[in-house]
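Residue numbers (the numbering used here): 22 to 609.
Every residue gets a Cβ at the ideal spot worked out from N, C-alpha and C, and that includes glycine.
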Amino acid sequence: MNKKFKIWRDKNGIPHVEAANLFDLYQGFGYAHATDRGMQMLLMRILGQGRVSELLDASEESLNIDIFFRKMNWAANIEEELAKLNQQEIRCLDSYCDGINSVLNEKIPWEFKLLGYKYEQWKKEDCIALSRMIGYLTLAQSQAEMERLFVEMVQAGLSKEKLDEIFPNILGGLDIELIKKVKLPERIIPPNLLWGIGAPRMMASNNWVISGTKTDSGEVIVANDPHLEANRLPNVWCEIALKIKDRFMMGGTMPGLPGVLAGRTNDIAWGATYSFADAVDSWIEKCKDGKYYREGKAQWIDFNKRTEIIKRKKKDPVEVTFYENDHGVLDGNPFEEGYYLATDWAANKSGAKSFSAIFKIREIKSTAEAMDTLGELETSWYFVIGDKKGNIGFQTTGKLPKRKKGVSGFVPLPGWKSDNNWSEFLSVKELPRILNPKQGFFVTANQALNEFGKTNPINMPMGRYRADRITNLLANGDNFTIDDMYKMHYDVYSLQAEYFMKILKPLLPDTPQGKILREWDLKYTADSKGAFLFENFYTALYREVFGKADFGEQVIEFLQKECGTFIDFYENFDRILLSKRSSWFGGR
């Protein structure tokens, strides 16, 4: 390869890529990613293609993983998305792929050599498929898991009163008797299985932006703490600096994607957290003889049948069939008469708008322009942004559907009624956003921020504890410095524990453990005995209230250990635990 770029590393090992033009820069970008993260990229691509059984391991566990990824079908409609990109964007993508291939054609990671893996060229299509995969796994997926759990709750016989307490104001369109008729197949794989094999596990995160009116320097400060398993090897993030002449862009990237997802340029800085906007919906389909029903003309329509052949190392291939319609993939066999769920993710056919946005961000000069550009990203994020001129802003992103009035998207609705279909998608300016908030700062920590938009795309956010803690610190201070930001990032005080301990303290026994909890400073330091005891109490309380009532202890065990339900959606359950009266307390 005739390299037309320069790469050097700083004292932290972070690669800096310098080039004379845009295409050489992106070639160097791909070269740096493949050099440092080649194994990670190849593993993610194999996962997304559903080829673990073929290329890595032919166990039953791997087969189930492949079935899951084939079902998602992230390789579909990519050519249509590529056709929407302009010539410069295509050349940037091609250059990025050229940089990757120049490294991996010459040498693949030794672990893959041991497996007898033969390298296949990295293509533009791989970048788009990977962007869909990263946007769904444990992000949109957490919403899908919660909506599936809701159906299981209804079928387990939870009363409408109890359901309303856990899911307030989002159960429009609920038909309990219809949901009880839905046939639910077994889960293909527990969510934890994906996390253990290299897929990124997206967890809680936070960011905030502070106007110069509240900083010591008079300059804007953008702070970001994306909790994407920084403790794993390799890290989900890959830091990089990119430069053409005096124009730079630097920050956090994800290997396999040619974009800086959180970072800065000469003029702006931006930080990202997940928004928990609902881009996943399920519909109840009435099926028989391989067909689904549609109202109006009272007609039965054939499903689109997609057959996938999963090759397996030293084993016979397995044929898997999926049935699809305008509501996504059916979760069941339509030849067995009954009601089934079909589920779709709005960003399942995404790509072009997201890649256009990440290519444009390098040249943007203002917060307002960055809001409009980043707002085109098709995965659901919260961005905080600041610019050199002192402007700050907040923008939600995501390809998010418009739904009929009174419907949140959380409850599965009859698929045969056309008014339950998505009508169109929300525009950037309809999403939650604000430019130059009056308080001089803005905070996001995965909480609901619907009040800043023209609609309510978020129906299952994370709790407000972290957002409220950050907000309290910023509201009660001024003249903030970068060192103050470091201290806030390392803040381990728990508002959640504060609320619970106000109730618990008067009830503590006069025992050594009671004394520890009574004197606890509510901080989650590594050596905190109080935090350890509180977490044990908190877990036991969940089991007592929810496990011994309607969920059952086995279900609670699964929710706590095998999926992120209580990690992501604790506020829905804490709201009940902290209330004075609840149907979950036997009416007391």
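- Message: To the nearest angstrom, how far is the alpha carbon of Ile210 from that of Leu84?
- Response: Confidence at Ile210 is low in this model, with a pLDDT of 47, below 50, so the placement of that residue should be treated as unreliable; the coordinate-derived value is given next. The straight-line gap from Cα to Cα measures roughly 10 Å.
- Report back the beta-carbon spacing between Ile35 and Ile382 to the nearest angstrom; my notes put them in contact at under 8 Å. With a Cβ gap of about 19 Å, Ile35 and Ile382 do not count as contacting.
- Message: Measuring alpha carbon to alpha carbon, tell me which residue in Ser387, Asp185, Gln108, Cys308 is nearest Asn593.
- Response: Here the closest residue by C-alpha is Asp185.
- What do you reckon, are the CB atoms on Arg487 and Asn467 nearer than 9 Å? Closer than 9 Å, so yes.
- Between which two residues does the beta strand (DSSP E) carrying Ala40 extend? That run of the beta strand (DSSP E) goes 36-40.
- Item | CA-to-CA distance, Leu263 to Ile28, given in whole angstroms | 9 Å
- Query: Assuming Leu362 contacts Val175 under a Cβ cut-off of 8 Å, what Cβ separation, rounded to an integer in Å, is found between them?
  - Reply: Rounded, the Cβ-Cβ distance is 12 Å, inconsistent with contact.
- Query: With which residues is Cys308 paired in a DSSP beta bridge?
  - Reply: Tyr313, Gly359
- Under the three-state DSSP convention, the category Gln581 falls into: helix
- For Trp605, name the three-state secondary structure that DSSP assigns. If DSSP states are grouped into helix, strand and coil, Trp605 belongs with the helices.
- For Lys544, three-class secondary structure by DSSP: In the structure shown, Lys544 sits in a strand (DSSP, three-state: E or B).
- Message: In whole angstroms, give me the CA-to-CA distance for Lys611 and Met483.
- Response: Nothing in the structure corresponds to residue 611, since the chain is present only between 22 and 609.
- Would you check if there are 3 or more beta carbon pairs closer than 8 Å linking the stretch 472-482 to the stretch 490-503? no
- DSSP beta-bridge partners of Val405: Gly292, Phe415
- Neighbourhood of Leu452 by C-beta distance below 6 Å, restricted to the same chain and skipping five residues each side: Within the same chain, Thr417, Gly474 come within 6 Å of Leu452 by CB-CB distance, once the 5 residues on both sides are set aside.
- Local conformation of Leu68 per DSSP, three classes: helix
- Message: Taking CB distances under 9 Å as the criterion, tell me whether Gly407 reaches chain C.
- Response: Going by chain labels, chain C is absent from the structure shown, which holds only one protein chain.
- Task: Enumerate, from N- to C-terminal direction, the unbroken alpha helix (DSSP H) stretches of 4 or more residues contained entirely within the stretch 464-540.
- Result: As far as the stretch 464-540 is concerned, its whole alpha helix (DSSP H) runs of at least 4 residues are 486-496, 503-510, 516-525, 533-540.
- State yes or no: is the C-beta of Gln581 nearer than 8 Å to some heavy atom of the ligand COA? Absent from the structure shown: the ligand COA. Ligands present: none.
- Message: Please classify Asp57 as buried or exposed, where buried requires at least 16 other C-beta atoms within 10 Å of its C-beta.
- Response: In summary, Asp57 is buried, with 16 or more beta-carbon neighbours lying within 10 Å of its beta-carbon over all protein chains present.
- Query: Hey, is the stretch 325-336 in contact with the stretch 61-80, meaning 3+ C-beta pairs nearer than 8 Å?
  - Reply: yes
- Message: Applying the 10 Å Cβ sphere with the 16-neighbour rule, what's the burial state of Trp321?
- Response: Exposed is the call here.
- In chain order, what residues of the same chain have a beta carbon less than 6 Å from the beta carbon of Asp237, not counting five sequence neighbours either side? The residues are Asn500, Thr502.
- Where does Val241 fall in DSSP's three states? coil
- Is it true that the CB of Ser429 sits closer than 9 Å to the CB of Asn190? yes
- Query: Just the Cα atoms here: how many angstroms apart are Arg153 and Glu110?
  - Reply: 18 Å
- Message: Just verifying my parser: in three-state terms, what is the DSSP assignment at Phe343?
- Response: strand
- Item | Same chain, Cβ closer than 7 Å to Trp366, five either side skipped, listed in chain order | Tyr157, Ala161, Ala300, Val301
- Message: Check whether the stretch 164-174 and the stretch 137-145 are in contact - that is, three or more C-beta pairs closer than 8 Å.
- Response: Using a C-beta cut-off of 8 Å, the stretch 164-174 makes no contact with the stretch 137-145, since fewer than three inter-stretch Cβ pairs fall below that distance.
- Using the C-alpha atoms, what's the distance from Ser375 back to Leu421? 14 Å
- Message: Between which residues of its own chain and Lys92 is the CB-CB distance below 7 Å, once the five residues before and five after are set aside?
- Response: In its chain, beyond the 5 residues on either side, Phe343, Val350 have a beta carbon closer than 7 Å to the beta carbon of Lys92.
- Item | alpha helix (DSSP H) runs wholly inside the stretch 59-105, at least 4 long, in chain order | 73-76, 81-93, 99-103
- Query: Sorted by chain position, which residues of the same chain lie with C-beta nearer than 6 Å to Cys259's C-beta, five sequence neighbours on each side aside?
  - Reply: Taken in chain order, the residues that qualify are Arg58, Thr274, Pro276.
- Cα separation between Glu329 and Gln70? 11 Å
- In terms of residue numbering, what span does the alpha helix (DSSP H) encompassing Trp131 cover? 131-135
- Item | N- and C-terminal bounds of the alpha helix (DSSP H) containing Asp31 | Taken as a continuous stretch (DSSP letters only), Asp31 belongs to no alpha helix (DSSP H), as it is neither H nor E.
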